[in-house]
Amino acid sequence: MTEKSDIYDTVIIGGGPAGATAAHDLAESGRRVVLLDRAGRIKPCGGAIPPRAIRDFAIPDHMIVAKIKAARMVSPSDVEVDMPIDGGYVGMVDREFFDEWLRSRAAEAGAERRTGLFKRYERDESGVNTVHYDERAADGTMREASVRTRALIGADGAVSAVARQFLPGDDRVPYVFAYHEIIRAPQQSPTVKYDSQRCDVYYQGTVSPDFYGWVFPHGDTVSVGTGSMMKGFSLRDSVGELRKAAGLDEVETIRK
Ligand SMILES: Cc1cc2nc3c(=O)[nH]c(=O)nc-3n(C[C@H](O)[C@H](O)[C@H](O)COP(=O)(O)OP(=O)(O)OC[C@H]3O[C@@H](n4cnc5c(N)ncnc54)[C@H](O)[C@@H]3O)c2cc1C
Numbered sequence: 001m002t003e004k005s006d007i008y009d010t011v012i013i014g015g016g017p018a019g020a021t022a023a024h025d026l027a028e029s030g031r032r033v034v035l036l037d038r039a040g041r042i043k044p045c046g047g048a049i050p051p052r053a054i055r056d057f058a059i060p061d062h063m064i065v066a067k068i069k070a071a072r073m074v075s076p077s078d079v080e081v082d083m084p085i086d087g088g089y090v091g092m093v094d095r096e097f098f099d100e101w102l103r104s105r106a107a108e109a110g111a112e113r114r115t116g117l118f119k120r121y122e123r124d125e126s127g128v129n130t131v132h133y134d135e136r137a138a139d140g141t142m143r144e145a146s147v148r149t150r151a152l153i154g155a156d157g158a159v160s161a162v163a164r165q166f167l168p169g170d171d172r173v174p175y176v177f178a179y180h181e182i183i184r185a186p187q188q189s190p191t192v193k194y195d196s197q198r199c200d201v202y203y204q205g206t207v208s209p210d211f212y213g214w215v216f217p218h219g220d221t222v223s224v225g226t227g228s229m230m231k232g233f234s235l236r237d238s239v240g241e242l243r244k245a246a247g248l249d250e251v252e253t254i255r256k
């Protein structure tokens with residue numbers, strides 16, 4: 001059991017966009033910050049960032065893998081409506097690299113990065129929290145560790161373990177199961193419903209009964225995915241059908 005006795009200003013659980021940005025901003029303003037992320041999972045996400053957010057969060061151009069000029073909405077009855085992006089573009093990022101870049105930016109601003117799985121926290125009478133986690137060592141082995149902090153931020157996603165401990169009994173937060181496949185960007189052709197500067201959003205029951213499916217360009221690759229809150233709904237079959245409908249079924253799959 002490792003006990004790190006220093007009391008930090010803030011410990012942030014979760015190094016996705018929310019946690020990494022909070023860590024960056026707090027470290028930059030002089031706080032002593034630990035950013036704890038379990039690492040190893042790439043979030044299935046379209047990766048579309050609107051122009052305002054690119055500006056406000058200072059996302060550099062080299063993180064943007066595609067610049068989107070329009071979004072196409074496909075209705076349940078197959079009607080297609082194109083919506084131009086006024087005054088610029090929507091920037092597409094690849095979450096595999098984007099999230100890691102955000103965490104590195106936080107570290108450069110002074111946040112201390114740790115890799116591990118949050119387990120629980122307790123708060124003493126003086127308001128100091130002890131956060132317990134399983135730390136992943138460089139050789140991949142796990143060991144129990146803890147860190148003390150005045151403030152704790154739970155940024156560990158939709159099924160946040162921090163939130164579940166903080167709000168016991170409230171397990172009803174709705175969330176979507178998502179799945180996407182990364183495929184090679186196809187040549188543009190009349191049989192392929194794809195444009196490297198357009199995001200296609202499918203609102204069709206076969207693609208998802210309660211969410212939407214997407215075909216989002218990411219430069220050399222494309223993310224084709226869907227989501228649903230319904231547990232039994234086969235996201236893989238649905239993405240297969242979506243790829244067929246868009247003429248993308250024969251295109252090389254890079255990652256499932
Ligand atoms: C299908 C789908 C498509 C989407 N498309 C878009 C889009 O195109 N554009 C857009 O802006 N948004 C999109 N979103 C929303 C976007 O993905 C989320 O808003 C965003 O990821 C939330 O960021 P976050 O940092 O709060 O959480 P997350 O991105 O979920 O990050 C949580 C982090 O916490 C870590 N973590 C979890 N549990 C623990 C633990 N116990 N201990 C330590 N670390 C832990 C995880 O590893 C992860 O790094 C999409 C979402 C879905 C589901």
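Sequential numbering of the sequence shown, starting at 1, is according to UniProt numbering. Each residue gets a CB set at the ideal place from its N, CA and C atoms; glycine is no exception. From a predicted model like this one, the values you see are computed outputs, not experimental measurements.
Beta carbon of residue i nearer than 7 Å to that of residue j
{"i": "Arg184", "j": "Val93", "result": "no"}
{"i": "Thr221", "j": "Ile254", "result": "yes"}
{"i": "Phe216", "j": "Ser228", "result": "no"}
{"i": "Gly154", "j": "Ile13", "result": "yes"}
{"i": "Glu241", "j": "Thr191", "result": "no"}
Assigned exposure category for residue i - 16 Cβ within 10 Å defines buried
{"i": "Thr239", "result": "In the sequence on display, residue 239 carries Val and not Thr. Val239 comes out buried."}
{"i": "Ile64", "result": "buried"}
{"i": "Asp156", "result": "buried"}
{"i": "Arg198", "result": "buried"}
{"i": "Glu96", "result": "exposed"}
{"i": "Leu167", "result": "exposed"}
{"i": "Met1", "result": "A caution first: Met1 carries a pLDDT of 48, below 50, which makes its placement in the model unreliable, though a value can still be read off. Met1 should be labelled exposed."}
{"i": "Pro44", "result": "buried"}
{"i": "Gly116", "result": "buried"}
{"i": "His62", "result": "exposed"}
{"i": "Ala158", "result": "exposed"}
Straight-line Cα distance separating residue j from residue i
{"i": "Val201", "j": "Gly127", "result": "47 Å"}
{"i": "Ser5", "j": "Arg150", "result": "Its pLDDT being 49, under 50, Ser5 is placed unreliably in this model, and the value from its coordinates should be taken loosely. Taking the straight line joining both Cα atoms gives about 13 Å."}
{"i": "Arg31", "j": "Asp134", "result": "24 Å"}
{"i": "Asp82", "j": "Tyr203", "result": "14 Å"}
{"i": "Arg143", "j": "Ala18", "result": "26 Å"}
{"i": "Glu122", "j": "Gly213", "result": "41 Å"}
{"i": "Gly247", "j": "Lys193", "result": "6 Å"}
{"i": "Gly46", "j": "Glu125", "result": "44 Å"}
{"i": "Glu108", "j": "Thr21", "result": "12 Å"}
{"i": "Ile42", "j": "Ala137", "result": "20 Å"}
{"i": "Arg38", "j": "Phe118", "result": "8 Å"}
{"i": "Arg113", "j": "Ser189", "result": "46 Å"}
{"i": "Pro209", "j": "Ala66", "result": "29 Å"}
Heavy atom of ligand 1 within 6 Å of residue i beta-carbon
{"i": "Ala107", "result": "no"}
{"i": "Pro17", "result": "yes"}
{"i": "Phe118", "result": "yes"}
{"i": "Asp134", "result": "no"}
{"i": "Ile7", "result": "no"}
{"i": "Arg52", "result": "no"}
{"i": "Asp200", "result": "no"}
{"i": "Lys43", "result": "yes"}
{"i": "Ile13", "result": "yes"}
{"i": "Val176", "result": "yes"}
{"i": "Asp37", "result": "yes"}
Ligand 2 heavy atom lying under 6 Å from the CB of residue i
{"i": "Gly154", "result": "Ligand 2 is not part of the structure shown, which contains ligand 1 as its ligands."}
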